Amino acid sequence: MCPLSRTEDGFEMQFGTNHLGHFLLTNLLLPLVTAAAPGARIVNISSIAHDKGEMQWNDLNYKVDGSYSAWGAYQQSKLANVLFGLELSKRIEGTGVTTYCLHPGAIDTDLARHLGDTFGFFGRVMCFLSRPFVRTVEMGAQTTIYCALEESLAKESGKYYSDCREKLAEPQGRSLEDAKRLWKMSEELVGMSSTKA
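Heads up, the sequence shown is in my numbering, so the first residue is -8 and it goes up one at a time.
Encoded structure:
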């Protein structure tokens, strides 16, 4: 939840970092990942924050003055992760590659370093008070490891996980129409030619 900033390419920082960078990297690596199939997996880290996320379809990069919300931009980027995983699973169906999306939980990292900038004194107090309730990095990695290695998930793809088990993503994270729309817009934003529809 950083203050409004932009990537080198002009994308809103959270959307560019959390979604577009991974979208492009995954697509660039897809031929190599597919060559490693069957059994190759793609794991996307999202967040429970997708639950209130909304795609700002007319302003994904918060270019309209005064429209920026650090929390809203973070939620949008995490919803984009879930939608990306959903659409990716459709596009790679039959290749032997599976994809997973997950919420790792609140983890004791420096990810919250901007809360004080965004929410002032209240943000700093919240970080301090929440410390006993957040997971260690090792604990936070467990669902990622589960999705990457658990043999019983080998035939699953495009699903959402938390606490080492499948969970139902929020309704906005299950929209096939929105997943396809985001994919097309992401292709345009990163200058990638269209792939399998």
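Every residue, glycine too, gets a C-beta built ideally from N, C-alpha and C.
Just so we're clear, the structure is a prediction, and the values are computed from it rather than from any experiment.
Next on the checklist: Which complete alpha helix (DSSP H) runs does the segment 49 to 88 hold, if anything under 4 residues is left out?
Outcome noted: 61 to 82
Checklist entry - In three-state terms, what does DSSP make of Lys175? => result helix
Next on the checklist: Here's the rule I'm using: 16 or more other beta-carbon atoms within 10 Å means buried, otherwise exposed. How should Arg156 be labelled?
Outcome noted: exposed
Item to check | Delimiting residues of the alpha helix (DSSP H) encompassing Val34 | outcome: Val34 -> not in any alpha helix (DSSP H); beta strand (DSSP E) instead, spanning 32 to 36.
Item to check | Start and end residues, beta strand (DSSP E) containing Ser153 | outcome: 150 to 153
Item to check | Length at least 3, wholly inside the segment -8 to 49: the beta strand (DSSP E) runs in chain order | outcome: If we require 3 residues or more, the beta strand (DSSP E) runs fully inside the segment -8 to 49 come out as 32 to 36.
Checklist entry - For Glu179, which of Met4, Leu(-5), Leu51 has the nearest alpha-carbon? => result Leu51
Next on the checklist: If I measure Cβ to Cβ from Leu79 and keep anything under 6 Å in the same chain, skipping five residues before and after, which residues do I get?
Outcome noted: Thr90
Item to check | Alpha-carbon to alpha-carbon, Gly44 and Gln66 | outcome: 4 Å
Item to check | Pair within 8 Å by beta-carbon distance, Ala139 and Thr86 | outcome: no
Checklist entry - Secondary structure at Glu168, three-state DSSP: helix, strand or coil? => result Residue state, collapsed to three classes: helix.
Next on the checklist: Quick check: Gln163 and Ser68, are their CB atoms within less than 8 Å of each other?
Outcome noted: Judged by their CB atoms, Gln163 and Ser68 are not nearer to each other than the 8 Å cut-off.
Checklist entry - Which term fits Pro95, buried or exposed, when burial requires 16 or more other beta carbons within 10 angstroms of its beta carbon? => result Here Pro95 is buried. Its C-beta has 16 or more other C-beta atoms within 10 Å.
Checklist entry - What residues match up with Thr93 in a beta bridge as DSSP calls it? => result The question names Thr, yet the displayed sequence has Leu at residue 93. DSSP output for Leu93 lists Ile36, Tyr152 as bridge partner(s).
Checklist entry - How would you call Gly57, buried or exposed, if buried means at least 16 neighbouring beta carbons within 10 angstroms? => result With fewer than 16 Cβ atoms within 10 Å of its Cβ, Gly57 is classed as exposed.
Checklist entry - Can you pull the DSSP bridge partners for Lys158? => result Tyr151
Item to check | Coil, strand or helix - Gly131 by DSSP | outcome: helix
Checklist entry - Which term fits Ala188, buried or exposed, when burial requires 16 or more other beta carbons within 10 angstroms of its beta carbon? => result At Ala188, the pLDDT of 45 sits below 50, so the modelled position is not reliable; the number obtained from the coordinates is stated separately. Answer is exposed; the Cβ neighbour count stays below 16.
Next on the checklist: One question on the structure: do Leu74 and Val34 come within less than 8 Å of each other, judged by their Cβ atoms?
Outcome noted: no
Next on the checklist: Just to confirm my understanding: we take Arg(-3), look at its own chain, exclude 5 residues before and 5 after, and list those with CB closer than 7 Å. What are they?
Outcome noted: Glu3, Met4
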